[in-house]
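Participant:
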Amino acid sequence: MAVERKQIETALNRRYEAGFVTDIESESLPPGLGEDIVRAISARKEEPEWMTDWRLKAYRHWLTMTPPQWAKLKIAPIDFQAISYFSRPKNQPKSLDEVDPKLIETYDKLGVPLHERAKLAGVAVDVVFDSVSVHTTVHQQLADVGIVFCSMSTAIKEHPELVRKYLGSVVPQGDNYFAALNSAVFSDGSFVFIPKGVRCPMELSTYFRINAGHTGQFERTLIVAEEGASVSYLEGCTAPMRDENQLHAAVVELVALDDAKIKYSTVQNWYPGDENGVGGIYNFVTKRGDCRGARSRIVWTQVETGSAITWKYPSCVLRGDDSAGEFHSVALTHHRQQADTGTKMIHIGKNTKSKIVSKGISAGRGQNTYRGLVKIEKGASGARNHTQCDSLLIGKQCGAHTFPYIEVKNPGAIVEHEATTSKISDDQLFYCRSRGIGEEDAVSMIVDGFCKQVFRELPMEFAVEAKKLLEVSLEGAVG
Amino acid sequence: MDGLLDEFGSGDAQARAESWRYSRQALRALEQQSFQSADANVSVPQALIDRFDWPQTRGHRLVFVNGVLDATLSDAGTSGAIIETDAVGVHALRFAGKGVMHLVFVNVATAMPSRWNAAVHIRVESGKAFLVEQHVGMQGADMLGALASDFTIADGASLQTATLGDLPGSASLVRRVGVTIGAGSAFGATHALCGGRFQRFDIDAQLTGAKAQLAARGVFALRGREHVDVHLDVRHAARDTISDVLWRGVADGRARGILHGAITVAPGADGADARLETKNLLLSPHAEIDAQPVLEIYADEVKASHGATVGQLDERALFYLRSRGVPLAAARNLLIAGFCRTAFSRIETTDLRGPFEALLDAHLPQQVDAGE
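Residue numbers (our numbering), protein chains in the order written: chain A, 1 to 479; chain B, 1001 to 1372.
1) List the residues of chain A that Val1302 of chain B touches, going by C-beta distances under 8 Å, in chain order.
2) What are the start and end residues of each continuous beta strand (DSSP E) run of 3 or more residues lying completely inside the segment 1026-1077 of chain B, in chain order?
3) Lys74 of chain A CB to nearest chain B CB: under 7 Å?
4) Could you say which of B:Leu1093, B:Val1179, B:Leu1214 lies nearest to Ala1272 of chain B if we only look at CA atoms?
5) Measuring only between beta-carbons, confirm whether Val1234 of chain B sits less than 7 Å from chain A.
6) Can you tell me the Cα-Cα spacing of Phe208 of chain A and Glu1315 of chain B, whole angstroms?
7) Tyr413 of chain A touches chain B at which residues, Cβ-Cβ below 8 Å?
8) For the 8 Å Cβ check, are there 3 or more pairs between the segment 307-325 of chain A and the segment 71-90 of chain A?
9) With DSSP collapsed to three states, give me the class of Arg1217 of chain B.
10) By the 10 Å Cβ neighbour count, where 16 or more other Cβ atoms means buried, how is Ile210 of chain A classified, buried or exposed?
11) Give the C-beta separation of Val1108 of chain B and Val1063 of chain B to the nearest angstrom, bearing in mind that I take them to be a contact with Cβ-Cβ under 8 Å.
12) State buried or exposed for Phe1095 of chain B, treating a residue as buried only when at least 16 other CB atoms are found within 10 Å of its CB.
13) Is the separation between the beta-carbon of Leu1193 of chain B and that of Val1250 of chain B shorter than 7 Å?
14) The beta strand (DSSP E) that contains Phe403 of chain A, what's its start and end?
15) List, in chain order, every chain B residue whose beta-carbon is nearer than 9 Å to that of Trp311 of chain A.
16) Hey, does Gln453 of chain A have any beta-carbon neighbour from chain B nearer than 7 Å?
17) By Cβ distance, which residues of its chain are closer than 7 Å to Arg1061 of chain B, with the 5 residues on each side in sequence left out?
18) Would you say Thr1309 of chain B and Glu326 of chain A are within 7 Å of each other, going by their C-beta atoms?
19) What number of angstroms, rounded off, separates the C-alpha of Asp274 of chain A from the C-alpha of Leu1313 of chain B?
20) Could you name the residues of the same chain whose beta carbon sits closer than 6 Å to that of Asp1202 of chain B, not counting the 5 residues immediately before and after it, in chain order?
21) Candidates A:Val472, A:Thr221, A:Ala58, A:Gln246: which alpha carbon is nearest Ala363 of chain A's?
22) Looking at the unbroken beta strand (DSSP E) that takes in Tyr264 of chain A, where does it start and where does it end?
23) Against Ser1023 of chain B, what residues of chain C qualify as contacts under a CB-to-CB distance less than 8 Å, listed in chain order?
24) Quick one: list the residues of chain A neighbouring Glu1288 of chain B, beta-carbon separation under 8 Å, in chain order.
25) Rounding to the nearest angstrom, what Cα-Cα distance links Thr1264 of chain B and Asn283 of chain A in this structure?
26) Tell me, please, whether the CB atom of Phe80 of chain A is closer than 7 Å to any CB atom in chain B?
27) For Thr1085 of chain B, count the other beta carbons within 10 Å of its own beta carbon; 16 or more makes it buried, fewer makes it exposed. Which is it?
28) Which residues mark the beginning and the end of the alpha helix (DSSP H) in which Lys452 of chain A is found?
29) When you compare each of A:Glu304, A:Ala260, A:Ala256 to Glu465 of chain A by their alpha carbons, which one comes out closest?
30) Just the chain A side, please: which residues come within less than 7 Å of Leu1295 of chain B by C-beta, in chain order?
31) When you compare the CB of Pro1365 of chain B with every CB in chain A, is at least one pair closer than 7 Å?
32) Mind pulling the chain B residues with CB within less than 7 Å of Lys378 of chain A?
33) Cutting at 6 Å between CB atoms, please list the residues of its own chain near Cys389 of chain A, excluding the five before and the five after it.
34) My guess is that Val1179 of chain B and Ala1205 of chain B are in contact by the Cβ rule of under 8 Å, so how many angstroms apart are they, rounded?
35) Taking all protein chains shown into account, decide if Ala1299 of chain B is buried (16 or more other Cβ within 10 angstroms of its Cβ) or exposed.
36) What ranges does the alpha helix (DSSP H) occupy inside the segment 146-220 of chain A, keeping only unbroken runs of at least 4 residues that lie completely in it?
Below you can see the structure in the form of structure tokens.
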């Protein structure tokens, strides 16, 4: 028992593995937010006038809004004037050879499959380091089939007609407080365009990483799949250890036209703060997919283990007839992490289908909330939804909450929701232990089983990473 | 501007907005009228009296006409309750030992839109008490009743309630109940809510003693422009407490039915076992059902689950009945009635089940075969 106690203590004191700060001079704007800052960001990114106006419109709208209070989160007030809204590494590299070796080293530590490794793994990586895209791989291979996969800044320069057509068409500038903020000051992000009838030959992947202190990261991602196109996109995150709460407000927009399919997978492992709730990322994300075309399909899969505060509701607007939306989520809160996450499924078209699988795990003093809306509009005859929402509690001081909203206006729809909350039962633990499995292993095995339904939806390499993440995040939760 | 919301809502502006998100408009519409204080000195038509004058509850009955206790219609001599009324007209009923009480709230419309407020508190000190609460009224100018209650169930005691909301299309009701359930005591509630212009039921139950139990059953069957909003909040605040909620909803015409069922397990309330199930049938393209089953869990060693469905009748069940020669419309009516009556399983005495089933039958959409 003494040995076990010691092991647990060691595990408890384990530091955040991806926590280190790469020392590269970054060129930041002074902290603060105003029209001049918005203009400055736009100017530094050499954006056309319409883009500057678009940002300013968002900023002016943002000024009229107040931060949302409805989430079940305890958030210290954020001083938006204390944040620097732009930061990028100096000396922008023209090719990978010019990339600062320290940067490459950082990615190596994180295990980002870049250049050769990327090709071997069949992954094209669009790396965002702080705010500027550093390098994009496997560009040519994708360009050959007409796919555009680049940073948002590049897209604004090279494909303004596409960006103008789709940017803000799913999440308008004034959609919510954080989306408006993002629209005003977004630094970079990814742009993916899959033309008609093209199946993306590889999994697209991007790695966001927050680096310079005091800098909020505001990505803007836009993925458009034209008629019959399909794409699978992976997003993974880690961030170095910092003591100030860092603000992150991203917007992701997906557009799926007729028969198109978009699969968006996220593994989020930002710095969650220490065991006393000091530091950690504030993660306020607006993700929304628009199934604009008939028979289109959008699948969100997320594994959320990081961030001090998570506020995130990847949603699907099922506009096209026979379109389908899915949401698979594992959210884990440990120590003093708080997560308020879930989804919205808005059924507008006929015979639209949606499926929600949410698994919440709370440990330590973590608070985990599922918040979901299933809305069946009048015209959505034959709509179908199934929601399953399970919570697992580990420890006496954590909380697990479920807030589903079900609004049905069509008599031809079938909506089902079920939720359970339980703890790891002593029977389960006893069974494992009697078979010689240690307590920590038993817990991680049970948790893995609990999450299996979601992990199955993840691409192979992500599934492995996710499982490992969960194990690491839960270390010290039992004892 | 927010007169009624200020009056009926509780908590800060945000809590109120959230709690009334589906009924805000209905409340706004009510606010458009200038309500006068309801006149209690009105004669109750015999037809209305016949609706609550049940032989089985004679001697156990208190009748409130437009919110005021009517001595001539009431007779609670054998109810076993001690009845006290304080200076501001708040009634307190105390039960010790076995007791049965039939509370009737009669809405008699006057020439102008009018409203009433009443408060009836109930305390069960020991033994088992049974309470029937009935809301009736006659069509006429708009009526808005507000009824507030505290139910206190002392350790080891039991209170069973059966509520019939049977209102005409011109009457609205805002009913607020706070229930405190002591150690080892039990609270059971059955609701059948039909008719009315707007009915809001707030039931806030606290399981404050170890091994306290709550069982709530209910059904709303709505048509026309009826609007029923039920907010059920169950808080487990002690060890080994049990709650079990089952609700059925049917909405036809342009009706709107809302069920918010929240279960909170407070820190330390280990061993809690909470269950909530709501099933709803949406029968018309203009009707709406909103279901909001909420779980807030702050303790482990807890079993908590909820389920909610909105849909139509089971096609296979329909097919089965039709294959046995039951015409389509009759088969549908049969299935809808069966669907709703599940909610009455806890009414133990059959002579009381009668009024519930009769109310439901009168309000369920009766479809006639259109010569298929």
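Every residue gets a Cβ at the ideal spot worked out from N, C-alpha and C, and that includes glycine.
Facilitator: To lay it out plainly:
1) Position 302 of the second sequence, counting from 1, holds the residue named residue 1302 of chain B. The contacting residues are Leu393, Thr421, Ser422, Lys423.
2) If one requires a minimum length of 3 residues, the beta strand (DSSP E) runs lying completely within the segment 1026-1077 of chain B are 1061-1065, in chain order.
3) Within the first sequence, numbered from 1, the residue matching residue 74 of chain A stands at position 74. Not flagged as an interface residue toward chain B: Lys74 of chain A, since no C-beta distance is shorter than 7 Å.
4) Residue numbering aside, residue 1272 of chain B sits at position 272 when the second sequence is read from its first letter. Shortest Cα-Cα distance from Ala1272 of chain B to any of B:Leu1093, B:Val1179, B:Leu1214 involves B:Leu1214.
5) Sequence index remark: in the second sequence, residue 1234 of chain B carries index 234 (1-based). So, not an interface residue.
6) Residue mapping note: residue 208 of chain A aligns to position 208 of the first sequence, counting from 1. Residue mapping note: residue 1315 of chain B aligns to position 315 of the second sequence, counting from 1. Here Phe208 of chain A scores only 49 on pLDDT, less than 50, and its place in the model should not be relied on; the value that follows carries that caveat. Between the C-alpha atoms of Phe208 of chain A and Glu1315 of chain B there is a straight-line separation of about 50 Å.
7) On the first sequence, position 413 is the one that residue 413 of chain A refers to. What sits at residue 413 of chain A in the sequence shown is Ala, not Tyr. The answer, in chain order, is Leu1282, Val1310, Gly1311.
8) Yes, they touch.
9) By 1-based counting over the second sequence, the position of residue 1217 of chain B is 217. The three-state secondary structure of Arg1217 of chain B, taken from DSSP, is strand.
10) Numbered from 1 along the first sequence, position 210 holds the residue referred to as residue 210 of chain A. At Ile210 of chain A the pLDDT is 47, less than 50, meaning the model places this residue with poor confidence; the figure from the coordinates comes in the next sentence. Label assigned to Ile210 of chain A: buried.
11) Here residue 1108 of chain B is taken as the residue at index 108 of the second sequence, counted from 1. Here residue 1063 of chain B is taken as the residue at index 63 of the second sequence, counted from 1. Actually they are not in contact, since the Cβ atoms of Val1108 of chain B and Val1063 of chain B sit about 11 Å apart, beyond 8 Å.
12) On the second sequence, position 95 is the one that residue 1095 of chain B refers to. Phe1095 of chain B is buried by the Cβ-count criterion.
13) Stepping through the second sequence from its first residue, residue 1193 of chain B is reached at position 193. Stepping through the second sequence from its first residue, residue 1250 of chain B is reached at position 250. No, these two residues do not count as a Cβ contact at 7 Å.
14) Residue 403 of chain A sits at position 403 when you count from the first residue of the first sequence. Per DSSP, Phe403 of chain A is one residue of the beta strand (DSSP E) stretching across 399-408.
15) Here residue 311 of chain A is taken as the residue at index 311 of the first sequence, counted from 1. Those do not exist, as Trp311 of chain A stays about 16 Å from chain B at its closest Cβ, beyond 9 Å.
16) The residue given as residue 453 of chain A occupies position 453 in the first sequence. Output row for Gln453 of chain A: interface = no.
17) For the purposes of this step, residue 1061 of chain B is taken as the residue at position 61 of the second sequence. Within the same chain, Arg1061 of chain B has close Cβ partners Ser1074, Asp1075, Ala1076, His1102, Val1104.
18) Counting from one through the second sequence, the residue named residue 1309 of chain B turns up at place 309. Counting from one through the first sequence, the residue named residue 326 of chain A turns up at place 326. In this structure, Thr1309 of chain B sits away from Glu326 of chain A, with a CB-CB distance that is not shorter than 7 Å.
19) The residue given as residue 274 of chain A occupies position 274 in the first sequence. The residue given as residue 1313 of chain B occupies position 313 in the second sequence. About 52 Å.
20) Residue numbering aside, residue 1202 of chain B sits at position 202 when the second sequence is read from its first letter. Excluding sequence neighbours, Asp1202 of chain B sits near Arg1176, His1231.
21) Start at 1 with the first residue of the first sequence, and residue 363 of chain A comes out as number 363. Nearest C-alpha to Ala363 of chain A: A:Val472.
22) Taking the first residue of the first sequence as 1, we reach residue 264 of chain A at position 264. Segment 261-269, the beta strand (DSSP E) holding Tyr264 of chain A.
23) Going by chain labels, chain C is absent from the structure shown, which instead holds the protein chains A and B.
24) The residue labelled residue 1288 of chain B in the question sits at position 288 within the second sequence. Those are Glu407, Val408, Lys409, listed as they occur along chain A.
25) Locating residue 1264 of chain B in the second sequence gives position 264, where the first residue counts as 1. Locating residue 283 of chain A in the first sequence gives position 283, where the first residue counts as 1. About 27 Å.
26) Working through the first sequence from its first residue, we reach residue 80 of chain A at position 80. Answer no: the Cβ-Cβ gap between Phe80 of chain A and chain B never drops below 7 Å.
27) Locating residue 1085 of chain B in the second sequence gives position 85, counting from the first residue. The residue is exposed, with fewer than 16 neighbouring Cβ atoms inside 10 Å.
28) Against the first sequence, residue 452 of chain A aligns to sequence position 452. Going by DSSP, Lys452 of chain A is part of the alpha helix (DSSP H) stretching over 439-455.
29) Along the first sequence, one-based indexing puts residue 465 of chain A at 465. Closest by C-alpha distance to Glu465 of chain A, out of A:Glu304, A:Ala260, A:Ala256, is A:Glu304.
30) Translated into the one-based positions of the second sequence, residue 1295 of chain B becomes position 295. Chain A residues near Leu1295 of chain B: His401, Thr402, Ala419, Thr421.
31) Numbered from its first residue, the second sequence carries residue 1365 of chain B at position 365. So, not an interface residue.
32) Numbered from its first residue, the first sequence carries residue 378 of chain A at position 378. Chain-ordered, the chain B residues with CB closer than 7 Å to the CB of Lys378 of chain A read Pro1285.
33) The residue given as residue 389 of chain A occupies position 389 in the first sequence. Closer than 6 Å at the Cβ level, and outside the excluded window around Cys389 of chain A, lie Ser358, Tyr370, Thr402, Ala419.
34) Stepping through the second sequence from its first residue, residue 1179 of chain B is reached at position 179. Stepping through the second sequence from its first residue, residue 1205 of chain B is reached at position 205. Right, the Cβ-Cβ distance comes to about 4 Å (below 8 Å), so this counts as a contact.
35) Taking the second sequence and counting its residues from 1, the one referred to as residue 1299 of chain B is at position 299. Buried.
36) Counting whole runs of 4 or more residues, the segment 146-220 of chain A contains the alpha helix (DSSP H) stretches 152-158, 160-166, 177-185.
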